[in-house]
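The structure appears below as structure tokens.
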Amino acid sequence: MNLQRSIKTCFKFCKKTIKIILGPAIGIFFCLSIVTTSYFGNYIMCILLPLIFVMEHKKFRNLIDQAIAFWLFVLMSLLQFLLRVKVRLSGDVIDATKCSIIIMNHRTRLDWLYIWNALYRMNPWLIVNLKIALKNELQYFPGVGFGMLASNYLFFKRKISEDGPMIDESIDYFTYLGKPFQILMFPEGTDKSDYTTMRSNQYAAKMGLKPLNYCLYPRTAGFVHLIKKMRENNCISHVYNMTIGYPNNIVQNELLLGLRGIVPKNVYFDVKKIDINEIPEGDENISNWITELWQEKDIQLENFYKPTLASRRAFDKNTIDNIWVKDSWKHFFVKFISFSIWSLLCPLWCYHLTFLWLVQLLFVYMLILKFFVWLFFGRIDHLIRWFWRREMYNKDKGNVYQKLKEED
Numbered sequence: 001m002n003l004q005r006s007i008k009t010c011f012k013f014c015k016k017t018i019k020i021i022l023g024p025a026i027g028i029f030f031c032l033s034i035v036t037t038s039y040f041g042n043y044i045m046c047i048l049l050p051l052i053f054v055m056e057h058k059k060f061r062n063l064i065d066q067a068i069a070f071w072l073f074v075l076m077s078l079l080q081f082l083l084r085v086k087v088r089l090s091g092d093v094i095d096a097t098k099c100s101i102i103i104m105n106h107r108t109r110l111d112w113l114y115i116w117n118a119l120y121r122m123n124p125w126l127i128v129n130l131k132i133a134l135k136n137e138l139q140y141f142p143g144v145g146f147g148m149l150a151s152n153y154l155f156f157k158r159k160i161s162e163d164g165p166m167i168d169e170s171i172d173y174f175t176y177l178g179k180p181f182q183i184l185m186f187p188e189g190t191d192k193s194d195y196t197t198m199r200s201n202q203y204a205a206k207m208g209l210k211p212l213n214y215c216l217y218p219r220t221a222g223f224v225h226l227i228k229k230m231r232e233n234n235c236i237s238h239v240y241n242m243t244i245g246y247p248n249n250i251v252q253n254e255l256l257l258g259l260r261g262i263v264p265k266n267v268y269f270d271v272k273k274i275d276i277n278e279i280p281e282g283d284e285n286i287s288n289w290i291t292e293l294w295q296e297k298d299i300q301l302e303n304f305y306k307p308t309l310a311s312r313r314a315f316d317k318n319t320i321d322n323i324w325v326k327d328s329w330k331h332f333f334v335k336f337i338s339f340s341i342w343s344l345l346c347p348l349w350c351y352h353l354t355f356l357w358l359v360q361l362l363f364v365y366m367l368i369l370k371f372f373v374w375l376f377f378g379r380i381d382h383l384i385r386w387f388w389r390r391e392m393y394n395k396d397k398g399n400v401y402q403k404l405k406e407e408d
């Protein structure tokens, strides 16, 4: 009996030691893989960019969105195959054919990384259509930031005087494209930490609200403006209330992931579909509505974390809702093949970059193009939308000419 216990203790010690040694190596490899493949993605995107002169803008937008979605297979595969993060999704189906807003609590700085595997499992088109509202600083993330800007993510400065016009132009742009889109928004505006929890509780005391234990009170101005603009453009059918929970361990930031290779063992998502007609009109009414929704979300999370054993924590207990635990064989096959292609092409690109003059020339072209975009437009999404406005102007000009011709 003592021998058995000693062997078991020794095994646990060895396992822990290996994890301590390999963890940082795996975390660093993950970060290097993301940055390297994203720069290769930037390289390909810059090669494709001149097509904007000759292609119809809607077709060009589809090309870029699908190219970026193809890169997302790298992120999803590394999380699933290398870091062994398991994702579980339950609740209502998100309709990929209709425009909508997805609102989610922001427990950690890494929440948005895990959502891709969840949405892909539900419907692969969601990873093509999804646009994320993020804080402005994330656009400067090496490699990835350029891709997020090219995909027209919404970057918030947390000042409605500046964010309002950005939201308006983005929604007008998406509406013009005539394709369904989903916008993921974190109304809390930041992840939950000791400091942000204290600020949220201070706000609750000031407004006479009960403090939240598992969420932060949402900043409502951006959400109110977004939903009003989408209603104005008649391009919203539903709001999806998504909740994220970590049954085992909570990894708060990217430093723990990148430097120590620590990730959550399981990530659970729950989705509730809300018809747009159930959401009231008017700024104050919408603000009160989402505040009450967050109070309900806090109760949902309290019930989620109530069981002491992590294995008993779930959003879908005693439910007949849809539950997605694993990829279908088709989804798994596409993910595996896509990741294999990236795993082959990216090292070849890095290798040929050391001596092949054409690859080197195109790399210099990428750097010059990025500098040109920064100098004259500030950001790649501004350049893309400049071509969109030019196309709209030419169409309007052509319509006026045609109308005058018909009158003659």
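Counting from 1, one number per residue, gives the positions in the sequence shown under full-length UniProt numbering. Built from N, CA and C at the ideal position, the CB exists for glycine as well.
Here the alpha carbon of residue 49 sits roughly 19 angstroms from the alpha carbon of residue 174. By the criterion of a C-beta distance shorter than 7 angstroms, residue 196 is surrounded in its chain by 190, 216, once the five residues flanking it on both sides are discounted. In the structure shown, residue 248 adopts coil according to DSSP, grouped into three states. In the three-state DSSP reduction, residue 150 falls in the helix class (H, G or I). If you draw a 10 Å sphere on the C-beta of residue 145, you find 16 or more other C-beta atoms in it, and that means buried. With contacts defined as CB atoms closer than 9 angstroms, residue 28 and residue 259 qualify as a contacting pair. When only Cα atoms are considered, residue 183 and residue 362 end up about 34 angstroms apart.
Taking C-alpha positions only, residue 150 is separated from residue 309 by approximately 43 angstroms. Rounded to whole angstroms, the separation of the alpha carbons of residue 372 and residue 266 is 43 angstroms.
Of the residues 171, 148, 222, the one whose Cα lies closest to the Cα of residue 163 is 222. Annotation for residue 124: 331 place their beta carbon closer than 7 angstroms to its own, counting only its chain and skipping 5 residues before and after. Around the C-beta of residue 97, fewer than 16 other C-beta atoms lie within 10 Å, and the residue is accordingly described as exposed. The alpha-carbon of residue 307 is positioned some 41 angstroms away from that of residue 229. If you look at residue 110, you'll find it isn't in any beta strand (DSSP E); DSSP assigns it neither H nor E.
A straight-line Cα-Cα distance of about 9 angstroms links residue 154 and residue 185. Annotation for residue 68: the continuous alpha helix (DSSP H) segment containing it runs 57-77. Following the DSSP letters along the chain, one finds residue 298 inside the alpha helix (DSSP H) bounded by residues 283-305. If you keep only unbroken alpha helix (DSSP H) runs of at least 4 residues inside the region 137-221, you get 144-150, 160-177, 194-207.
Of the other Cβ atoms in all chains shown, fewer than 16 fall within 10 Å of the Cβ of residue 84; this residue is therefore exposed. Residue nearest to residue 181 within the set 392, 148, 130 is 130 (criterion: CA-CA distance). In this structure, residue 262 places its C-beta atom within 9 angstroms of the C-beta atom of residue 23. At the C-beta level, residue 94 and residue 226 stay beyond 9 angstroms of one another. Note: residue 273 is bridge-paired with 240 in the DSSP secondary-structure output. For residue 89, no alpha helix (DSSP H) encloses it; the enclosing beta strand (DSSP E) starts and ends at 86-91. In the structure shown, the three-state DSSP call for residue 38 is helix.
Between the alpha carbons of residue 121 and residue 90 lies a distance of about 11 angstroms. A straight line joining the alpha-carbon of residue 66 with that of residue 128 spans about 6 angstroms. CA-to-CA, the gap between residue 255 and residue 243 works out to about 24 angstroms. The C-alpha of residue 115 is placed about 10 angstroms away from the C-alpha of residue 126.
When DSSP states are grouped into helix, strand and coil, residue 131 belongs to the strand group. Residue burial annotation: residue 188 is buried, with at least 16 other C-beta atoms found within 10 angstroms of its C-beta. When the beta-carbon positions are compared, residue 35 and residue 142 come within less than 9 angstroms of each other. The Cβ atoms of residue 327 and residue 300 do not sit closer than 9 angstroms to each other. Across the set 133, 272, 87, 30, the C-alpha of 87 shows the shortest separation from the C-alpha of residue 324. Around the Cβ of residue 246, a 10 Å sphere holds 16 or more other Cβ atoms; the residue is buried.
Taking 9 angstroms as the cut-off, the Cβ atoms of residue 253 and residue 110 count as close.
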